[in-house]
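Trainee: Residue numbers (this note's numbering): 1 to 388.
Glycine included, each C-beta is placed from N, C-alpha and C at the ideal position.
I'd like to ask you about the structure that follows.
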Amino acid sequence: MQPTNKYVMAAADLRIPGEGILIGDKIYSGVSLTLDNCLLPSERLLQSPSAGHGLSADSEEQLRMRSCEMIQAAGILLRLPQVAMATGQILFQRFYYCKSFVRHCAEIVAMACVHLASKIEEEPRRVRDVLNVFYHLKHSKGKRTQVPMPLDANYISAKAQVIKAERRVLKELGFCVHVKHPHKIIVMYLQVLECERDTKLVQTAWNYMNDSLRTDVFLRFSAETVACACIYLSARTLQIPLPDQPPWFLLFGASEEDLKEICRRILRLYSLPNVSLACLLKEVDKCRLDLDACKAKLGGRGLLAISTPTLDVPSRFSPASKPGEPDPHRTTTATSWSYPNVSCLVCFGFFVLFIASWYLLFCSFLPTSVCLMCSLFPSVSSDFRVGE
(Lines of atoms letter the chains of each structure in order from A and count residues from 1; the text may use other names and numbers.)
(Lines give C-alpha, C1' and ligand atoms only; values in the text may rest on other atoms or scores of the structure.)
Protein backbone atom coordinates (compact mmCIF):
# COMPACT_ATOMS: atom_id res chain seq x y z
CA MET A 1 0.00 0.00 0.00
CA GLN A 2 1.05 3.58 -0.47
CA PRO A 3 2.91 4.78 2.63
CA THR A 4 1.45 7.69 4.52
CA ASN A 5 4.63 8.45 6.43
CA LYS A 6 6.43 11.49 5.07
CA TYR A 7 9.86 10.16 6.11
CA VAL A 8 9.55 7.18 3.81
CA MET A 9 7.90 9.28 1.10
CA ALA A 10 10.72 11.82 1.19
CA ALA A 11 13.47 9.21 1.27
CA ALA A 12 12.99 8.01 -2.28
CA ASP A 13 10.46 7.60 -5.04
CA LEU A 14 8.97 4.32 -3.91
CA ARG A 15 6.26 3.97 -6.51
CA ILE A 16 6.43 1.00 -8.82
CA PRO A 17 5.14 1.98 -12.28
CA GLY A 18 2.54 -0.24 -13.85
CA GLU A 19 1.50 -1.85 -10.56
CA GLY A 20 -1.39 -0.88 -8.35
CA ILE A 21 -4.29 -2.13 -6.30
CA LEU A 22 -7.78 -0.70 -6.69
CA ILE A 23 -9.51 -0.24 -3.32
CA GLY A 24 -12.80 1.57 -3.62
CA ASP A 25 -12.30 4.49 -5.98
CA LYS A 26 -8.56 4.91 -5.28
CA ILE A 27 -5.54 3.15 -6.75
CA TYR A 28 -2.74 2.42 -4.29
CA SER A 29 0.70 1.95 -5.82
CA GLY A 30 3.17 -0.67 -4.73
CA VAL A 31 5.99 0.12 -2.32
CA SER A 32 9.60 -1.04 -2.36
CA LEU A 33 11.25 -0.81 1.07
CA THR A 34 15.02 -1.21 0.87
CA LEU A 35 18.00 -0.08 2.89
CA ASP A 36 18.54 2.80 0.45
CA ASN A 37 15.34 4.42 1.72
CA CYS A 38 17.12 5.28 4.97
CA LEU A 39 19.06 8.07 3.27
CA LEU A 40 17.46 11.50 3.27
CA PRO A 41 17.41 13.72 0.19
CA SER A 42 19.43 16.92 0.18
CA GLU A 43 16.37 19.18 0.32
CA ARG A 44 15.30 17.57 3.58
CA LEU A 45 18.76 18.09 5.05
CA LEU A 46 18.98 21.80 4.26
CA GLN A 47 16.69 22.87 7.10
CA SER A 48 15.66 20.64 9.97
CA PRO A 49 12.35 21.02 11.84
CA SER A 50 14.26 22.34 14.86
CA ALA A 51 15.69 25.20 12.79
CA GLY A 52 12.16 26.13 11.77
CA HIS A 53 11.29 26.49 15.46
CA GLY A 54 14.14 28.89 16.21
CA LEU A 55 16.92 26.54 17.37
CA SER A 56 20.33 27.50 15.98
CA ALA A 57 22.28 25.07 13.82
CA ASP A 58 25.23 24.97 16.25
CA SER A 59 22.96 24.19 19.20
CA GLU A 60 21.20 21.46 17.26
CA GLU A 61 24.52 19.91 16.27
CA GLN A 62 25.70 20.01 19.88
CA LEU A 63 22.40 18.53 21.07
CA ARG A 64 22.64 15.67 18.62
CA MET A 65 26.22 14.95 19.66
CA ARG A 66 25.57 15.08 23.43
CA SER A 67 22.44 12.97 23.17
CA CYS A 68 24.26 10.32 21.14
CA GLU A 69 27.04 10.31 23.73
CA MET A 70 24.43 9.64 26.40
CA ILE A 71 22.97 6.81 24.33
CA GLN A 72 26.46 5.31 23.99
CA ALA A 73 27.13 5.60 27.74
CA ALA A 74 23.73 4.13 28.60
CA GLY A 75 24.34 1.21 26.25
CA ILE A 76 27.64 0.46 27.98
CA LEU A 77 25.98 0.40 31.41
CA LEU A 78 23.17 -1.75 30.05
CA ARG A 79 25.78 -4.12 28.56
CA LEU A 80 24.36 -3.79 25.08
CA PRO A 81 26.44 -4.78 22.05
CA GLN A 82 27.96 -1.98 19.99
CA VAL A 83 25.57 -2.75 17.15
CA ALA A 84 22.58 -1.98 19.38
CA MET A 85 24.13 1.30 20.56
CA ALA A 86 24.80 2.29 16.96
CA THR A 87 21.22 1.48 16.01
CA GLY A 88 19.87 3.67 18.81
CA GLN A 89 22.01 6.63 17.74
CA ILE A 90 21.00 6.36 14.09
CA LEU A 91 17.31 6.11 15.00
CA PHE A 92 17.73 9.21 17.16
CA GLN A 93 19.33 11.12 14.27
CA ARG A 94 16.58 10.06 11.87
CA PHE A 95 13.77 11.03 14.22
CA TYR A 96 14.97 14.61 14.66
CA TYR A 97 14.97 15.17 10.92
CA CYS A 98 11.24 14.43 11.11
CA LYS A 99 10.42 16.26 14.34
CA SER A 100 11.81 19.18 16.30
CA PHE A 101 13.91 19.24 19.46
CA VAL A 102 11.70 22.10 20.60
CA ARG A 103 8.57 19.96 20.64
CA HIS A 104 10.04 16.63 21.76
CA CYS A 105 12.29 16.15 24.79
CA ALA A 106 15.70 14.83 23.74
CA GLU A 107 16.18 12.80 26.94
CA ILE A 108 12.86 10.95 26.58
CA VAL A 109 13.47 10.23 22.89
CA ALA A 110 17.00 9.00 23.66
CA MET A 111 15.60 6.54 26.21
CA ALA A 112 13.01 5.39 23.70
CA CYS A 113 15.67 4.86 21.02
CA VAL A 114 17.81 2.78 23.40
CA HIS A 115 14.83 0.62 24.36
CA LEU A 116 13.75 0.22 20.73
CA ALA A 117 17.28 -0.55 19.51
CA SER A 118 17.71 -3.24 22.15
CA LYS A 119 14.64 -5.01 20.80
CA ILE A 120 15.66 -4.54 17.16
CA GLU A 121 19.06 -6.15 17.80
CA GLU A 122 17.46 -8.94 19.88
CA GLU A 123 19.03 -7.78 23.14
CA PRO A 124 15.91 -6.48 24.91
CA ARG A 125 16.16 -4.45 28.10
CA ARG A 126 13.38 -3.41 30.46
CA VAL A 127 12.10 0.15 30.44
CA ARG A 128 12.81 0.28 34.16
CA ASP A 129 16.50 -0.51 33.57
CA VAL A 130 16.75 2.14 30.86
CA LEU A 131 15.19 4.74 33.17
CA ASN A 132 17.53 3.86 36.03
CA VAL A 133 20.61 4.06 33.81
CA PHE A 134 19.70 7.47 32.40
CA TYR A 135 18.86 8.69 35.91
CA HIS A 136 22.29 7.50 37.06
CA LEU A 137 24.04 9.26 34.17
CA LYS A 138 22.15 12.48 34.83
CA HIS A 139 22.88 12.62 38.57
CA SER A 140 26.30 10.96 38.73
CA LYS A 141 28.39 14.02 37.85
CA GLY A 142 29.71 15.82 40.89
CA LYS A 143 28.17 13.44 43.43
CA ARG A 144 29.92 10.66 45.28
CA THR A 145 26.86 8.96 46.74
CA GLN A 146 24.11 7.80 44.43
CA VAL A 147 20.45 7.86 45.38
CA PRO A 148 18.34 5.36 43.43
CA MET A 149 15.42 6.61 41.40
CA PRO A 150 12.33 6.66 43.65
CA LEU A 151 9.33 4.66 42.49
CA ASP A 152 6.88 7.54 42.74
CA ALA A 153 4.46 9.29 40.42
CA ASN A 154 7.33 10.87 38.48
CA TYR A 155 8.75 7.43 37.72
CA ILE A 156 5.38 6.18 36.47
CA SER A 157 4.96 9.28 34.32
CA ALA A 158 8.48 8.97 32.87
CA LYS A 159 7.90 5.31 32.04
CA ALA A 160 4.68 6.16 30.21
CA GLN A 161 6.44 8.94 28.30
CA VAL A 162 9.19 6.59 27.14
CA ILE A 163 6.65 4.06 25.86
CA LYS A 164 4.73 6.79 24.03
CA ALA A 165 7.95 8.20 22.59
CA GLU A 166 8.90 4.76 21.29
CA ARG A 167 5.58 4.53 19.46
CA ARG A 168 6.12 8.04 18.11
CA VAL A 169 9.58 7.11 16.77
CA LEU A 170 8.17 4.06 15.01
CA LYS A 171 5.33 6.10 13.54
CA GLU A 172 7.51 8.92 12.25
CA LEU A 173 10.02 6.51 10.71
CA GLY A 174 7.25 4.55 9.06
CA PHE A 175 8.38 1.43 10.96
CA CYS A 176 11.45 1.45 8.69
CA VAL A 177 14.10 0.76 11.31
CA HIS A 178 16.63 -1.02 9.10
CA VAL A 179 20.17 0.03 9.95
CA LYS A 180 23.20 -1.11 7.98
CA HIS A 181 26.34 -0.75 10.06
CA PRO A 182 29.85 -0.43 8.58
CA HIS A 183 31.50 -2.52 11.31
CA LYS A 184 31.88 -5.65 9.22
CA ILE A 185 32.32 -3.59 6.05
CA ILE A 186 35.47 -1.95 7.44
CA VAL A 187 37.06 -5.31 8.20
CA MET A 188 36.07 -6.70 4.81
CA TYR A 189 37.50 -3.71 2.94
CA LEU A 190 40.75 -3.90 4.90
CA GLN A 191 41.01 -7.57 3.98
CA VAL A 192 40.66 -6.65 0.32
CA LEU A 193 43.41 -4.03 0.79
CA GLU A 194 45.52 -6.66 2.65
CA CYS A 195 45.76 -4.41 5.71
CA GLU A 196 43.69 -6.45 8.15
CA ARG A 197 46.80 -7.48 10.12
CA ASP A 198 47.61 -3.89 10.97
CA THR A 199 45.72 -3.82 14.26
CA LYS A 200 46.41 -0.13 14.83
CA LEU A 201 44.87 0.79 11.49
CA VAL A 202 41.85 -1.43 12.13
CA GLN A 203 41.32 0.00 15.62
CA THR A 204 41.70 3.61 14.45
CA ALA A 205 39.19 3.11 11.64
CA TRP A 206 36.83 1.45 14.11
CA ASN A 207 37.15 4.41 16.49
CA TYR A 208 36.43 6.93 13.75
CA MET A 209 33.38 4.91 12.78
CA ASN A 210 32.06 5.01 16.36
CA ASP A 211 32.62 8.77 16.47
CA SER A 212 30.77 9.21 13.17
CA LEU A 213 27.62 7.90 14.85
CA ARG A 214 27.38 11.22 16.70
CA THR A 215 26.95 13.00 13.37
CA ASP A 216 24.33 12.69 10.65
CA VAL A 217 26.63 11.12 8.04
CA PHE A 218 24.60 7.90 8.07
CA LEU A 219 21.60 9.91 6.85
CA ARG A 220 23.62 11.49 4.03
CA PHE A 221 25.84 8.66 2.79
CA SER A 222 25.66 4.90 2.52
CA ALA A 223 27.35 2.62 5.03
CA GLU A 224 29.90 1.55 2.40
CA THR A 225 30.94 5.16 1.78
CA VAL A 226 31.22 5.84 5.52
CA ALA A 227 33.41 2.75 5.92
CA CYS A 228 35.71 3.98 3.13
CA ALA A 229 35.90 7.41 4.78
CA CYS A 230 36.90 5.89 8.13
CA ILE A 231 39.67 3.88 6.45
CA TYR A 232 40.74 6.95 4.47
CA LEU A 233 40.95 9.11 7.60
CA SER A 234 42.73 6.50 9.71
CA ALA A 235 45.31 5.86 6.98
CA ARG A 236 46.03 9.57 6.73
CA THR A 237 46.26 9.91 10.51
CA LEU A 238 48.73 7.02 10.79
CA GLN A 239 50.48 7.98 7.52
CA ILE A 240 49.94 4.56 5.98
CA PRO A 241 50.04 4.59 2.16
CA LEU A 242 47.18 2.98 0.28
CA PRO A 243 46.91 2.26 -3.45
CA ASP A 244 46.29 5.43 -5.47
CA GLN A 245 46.86 4.35 -9.10
CA PRO A 246 43.90 4.10 -9.43
CA PRO A 247 42.55 5.24 -6.05
CA TRP A 248 41.55 2.30 -3.87
CA PHE A 249 38.14 3.71 -2.91
CA LEU A 250 36.93 3.61 -6.53
CA LEU A 251 36.87 -0.17 -6.17
CA PHE A 252 34.12 0.19 -3.55
CA GLY A 253 32.05 2.76 -5.44
CA ALA A 254 33.01 5.83 -3.38
CA SER A 255 34.13 9.24 -4.56
CA GLU A 256 36.87 11.41 -3.09
CA GLU A 257 34.47 14.32 -2.58
CA ASP A 258 32.17 12.21 -0.41
CA LEU A 259 35.10 10.86 1.59
CA LYS A 260 36.44 14.34 2.30
CA GLU A 261 32.99 15.59 3.31
CA ILE A 262 32.56 12.72 5.78
CA CYS A 263 36.05 13.31 7.17
CA ARG A 264 35.30 17.01 7.68
CA ARG A 265 32.14 16.17 9.62
CA ILE A 266 33.97 13.67 11.81
CA LEU A 267 36.90 15.99 12.53
CA ARG A 268 34.50 18.82 13.36
CA LEU A 269 33.38 16.84 16.42
CA TYR A 270 36.78 17.34 18.03
CA SER A 271 36.67 21.12 17.59
CA LEU A 272 33.21 21.73 19.06
CA PRO A 273 33.08 23.50 22.44
CA ASN A 274 32.27 21.40 25.48
CA VAL A 275 28.69 22.40 26.29
CA SER A 276 26.73 20.35 28.81
CA LEU A 277 23.45 18.75 27.88
CA ALA A 278 21.67 20.68 30.65
CA CYS A 279 22.65 24.03 29.10
CA LEU A 280 21.46 22.88 25.69
CA LEU A 281 18.13 21.76 27.12
CA LYS A 282 17.69 25.17 28.74
CA GLU A 283 18.13 26.80 25.34
CA VAL A 284 15.55 24.41 23.91
CA ASP A 285 13.12 25.36 26.68
CA LYS A 286 13.66 29.03 25.87
CA CYS A 287 12.87 28.40 22.21
CA ARG A 288 9.75 26.51 23.23
CA LEU A 289 8.54 29.38 25.41
CA ASP A 290 9.23 31.91 22.65
CA LEU A 291 7.40 29.77 20.13
CA ASP A 292 4.38 29.35 22.41
CA ALA A 293 4.32 33.08 23.14
CA CYS A 294 4.46 33.92 19.44
CA LYS A 295 1.72 31.42 18.72
CA ALA A 296 -0.49 32.83 21.47
CA LYS A 297 0.13 36.39 20.28
CA LEU A 298 -0.77 35.61 16.68
CA GLY A 299 -3.71 33.52 17.81
CA GLY A 300 -5.07 36.43 19.84
CA ARG A 301 -4.94 38.65 16.77
CA GLY A 302 -6.65 36.05 14.64
CA LEU A 303 -3.58 35.68 12.40
CA LEU A 304 -2.48 32.19 13.38
CA ALA A 305 -4.42 30.37 10.70
CA ILE A 306 -3.08 32.73 8.02
CA SER A 307 0.43 33.71 9.05
CA THR A 308 1.81 30.69 10.86
CA PRO A 309 1.41 27.03 10.07
CA THR A 310 -0.05 24.88 12.78
CA LEU A 311 2.34 22.58 14.56
CA ASP A 312 2.08 19.02 13.41
CA VAL A 313 3.08 17.74 16.85
CA PRO A 314 0.83 17.99 19.91
CA SER A 315 2.29 18.73 23.28
CA ARG A 316 1.95 15.10 24.29
CA PHE A 317 3.58 12.15 22.61
CA SER A 318 0.31 10.35 21.95
CA PRO A 319 -1.78 11.48 18.97
CA ALA A 320 -4.74 13.73 19.65
CA SER A 321 -7.99 11.92 20.32
CA LYS A 322 -10.65 11.98 17.65
CA PRO A 323 -14.02 13.64 18.35
CA GLY A 324 -16.16 11.34 20.39
CA GLU A 325 -13.26 9.29 21.73
CA PRO A 326 -12.39 9.30 25.42
CA ASP A 327 -9.27 11.15 26.41
CA PRO A 328 -6.67 8.58 27.57
CA HIS A 329 -4.97 11.19 29.79
CA ARG A 330 -8.16 12.02 31.65
CA THR A 331 -8.78 10.25 34.93
CA THR A 332 -12.34 9.12 35.58
CA THR A 333 -13.93 7.77 38.73
CA ALA A 334 -17.03 6.22 37.18
CA THR A 335 -15.37 2.86 36.55
CA SER A 336 -13.02 2.87 39.53
CA TRP A 337 -13.75 0.47 42.39
CA SER A 338 -14.33 2.33 45.63
CA TYR A 339 -14.73 0.85 49.08
CA PRO A 340 -18.59 0.86 49.11
CA ASN A 341 -18.65 -1.08 45.84
CA VAL A 342 -16.28 -3.70 47.25
CA SER A 343 -18.42 -4.05 50.40
CA CYS A 344 -21.56 -4.61 48.35
CA LEU A 345 -19.79 -7.25 46.29
CA VAL A 346 -18.63 -9.09 49.42
CA CYS A 347 -22.14 -8.99 50.95
CA PHE A 348 -23.66 -10.35 47.76
CA GLY A 349 -21.15 -13.19 47.75
CA PHE A 350 -22.01 -14.16 51.33
CA PHE A 351 -25.73 -14.10 50.45
CA VAL A 352 -25.22 -16.45 47.50
CA LEU A 353 -23.13 -18.77 49.68
CA PHE A 354 -25.88 -18.81 52.34
CA ILE A 355 -28.60 -19.75 49.84
CA ALA A 356 -26.41 -22.45 48.30
CA SER A 357 -25.66 -24.02 51.68
CA TRP A 358 -29.37 -24.19 52.59
CA TYR A 359 -30.16 -25.74 49.22
CA LEU A 360 -27.53 -28.46 49.70
CA LEU A 361 -28.78 -29.12 53.23
CA PHE A 362 -32.36 -29.50 51.99
CA CYS A 363 -31.33 -31.89 49.22
CA SER A 364 -29.33 -34.05 51.64
CA PHE A 365 -32.24 -34.46 54.15
CA LEU A 366 -35.03 -34.96 51.57
CA PRO A 367 -34.71 -38.81 51.22
CA THR A 368 -34.68 -39.23 55.03
CA SER A 369 -37.83 -37.14 55.35
CA VAL A 370 -39.71 -39.20 52.74
CA CYS A 371 -38.83 -42.51 54.44
CA LEU A 372 -39.96 -41.19 57.82
CA MET A 373 -43.27 -40.03 56.35
CA CYS A 374 -43.90 -43.44 54.75
CA SER A 375 -43.32 -45.26 58.07
CA LEU A 376 -45.70 -43.00 59.96
CA PHE A 377 -48.45 -43.03 57.33
CA PRO A 378 -48.60 -46.45 55.63
CA SER A 379 -51.80 -45.57 53.78
CA VAL A 380 -50.10 -42.67 52.13
CA SER A 381 -47.19 -44.87 51.16
CA SER A 382 -49.56 -47.48 49.65
CA ASP A 383 -51.22 -44.74 47.66
CA PHE A 384 -47.84 -43.76 46.35
CA ARG A 385 -47.16 -47.36 45.28
CA VAL A 386 -50.56 -47.67 43.60
CA GLY A 387 -49.99 -44.44 41.77
CA GLU A 388 -46.72 -45.78 40.51
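Residues in its own chain within less than 7 Å of Cys195 by CB, not counting five upstream and five downstream?
Mentor: Same-chain partners within the cutoff: Leu201.
Trainee: At least one CB of chain B closer than 7 Å to the CB of Met65: is that the case?
Mentor: Of the protein chains in this structure there is only one, and it is not chain B.
Trainee: Just reading off the alpha helix (DSSP H) that Asn207 is part of, what are its end residues?
Mentor: Per DSSP, Asn207 belongs to the alpha helix (DSSP H) from Thr199 to Ser212.
Trainee: Can you tell me whether Ser315 is buried or exposed, with buried defined as 16 or more other CB within 10 angstroms of its CB?
Mentor: Any reading at Ser315 needs caution, since the residue's pLDDT is 39, under 50, leaving its predicted position unreliable; the model's value is listed next. Under this definition Ser315 is an exposed residue.
Trainee: Taking contact to mean at least 3 C-beta pairs separated by less than 8 Å, is the stretch 181-196 in contact with the stretch 101-113?
Mentor: Touching, no.
Trainee: Quick check on Tyr96: buried or exposed, where buried means 16 or more other Cβ atoms within 10 Å of its Cβ?
Mentor: Label assigned to Tyr96: buried.
Trainee: Helix, strand or coil for Asp58 per DSSP?
Mentor: Reduced to three states, the DSSP call for Asp58 is helix.
Trainee: So which of Tyr135, Val284, Phe221 and Ala296 has the shortest CA-CA distance to Ser100?
Mentor: Nearest option by C-alpha distance: Val284.
Trainee: Suppose the cutoff is 7 Å on Cβ atoms and the five residues either side in sequence are ignored; what does the same chain contact list for Cys68 look like?
Mentor: Counting only Cβ-Cβ distances below 7 Å, and skipping sequence neighbours, we find Gln89, Phe92, Leu213 and Arg214.
Trainee: When DSSP labels each residue in this structure, what does Asp290 get in the three-state scheme?
Mentor: If DSSP states are grouped into helix, strand and coil, Asp290 belongs with the helices.
Trainee: Over the uninterrupted alpha helix (DSSP H) stretch that includes Thr393, give me the two end residues.
Mentor: The shown model of the chain, from 1 to 388, leaves out residue 393, and the question about it has no answer.
Trainee: Report the residue from Phe348, Val275 and Ala227 whose alpha carbon sits nearest the alpha carbon of Lys260.
Mentor: Among Phe348, Val275 and Ala227, the Cα nearest to that of Lys260 belongs to Ala227.
Trainee: How many Å lie between Gly349 and Leu361 at the Cα?
Mentor: Each residue's alpha carbon lies about 18 Å from the other.
Trainee: When we look at the beta-carbon of Arg94 and count the other beta-carbons within 10 Å, is it buried (16 or more) or exposed?
Mentor: That one is buried.
Trainee: Taking the straight line between their C-alpha atoms, what separation do you get for Leu190 and His178?
Mentor: Leu190 and His178: Cα-Cα distance of roughly 25 Å.
Trainee: Count the C-beta pairs between the stretch 217-233 and the stretch 247-262 that are closer than 8 Å, then say yes if the count reaches three, no if not.
Mentor: As far as the Cβ criterion goes, the stretch 217-233 touches the stretch 247-262, which means the pair count is three or higher.
Trainee: Among residues of its own chain, excluding the 5 on either side of Glu122, which ones have a beta-carbon nearer than 6 Å to its beta-carbon?
Mentor: Cβ neighbours of Glu122 beyond the five flanking positions: none.
Trainee: Could you check which residue in Ala153, Thr87, Lys138 and Ala160 has the C-alpha nearest to that of Ser118?
Mentor: Of the candidates Ala153, Thr87, Lys138 and Ala160, the one whose C-alpha sits nearest the C-alpha of Ser118 is Thr87.
Trainee: I need the straight-line Cα distance from Tyr270 to Cys230, nearest angstrom please.
Mentor: C-alpha separation (whole angstroms): 15 Å.
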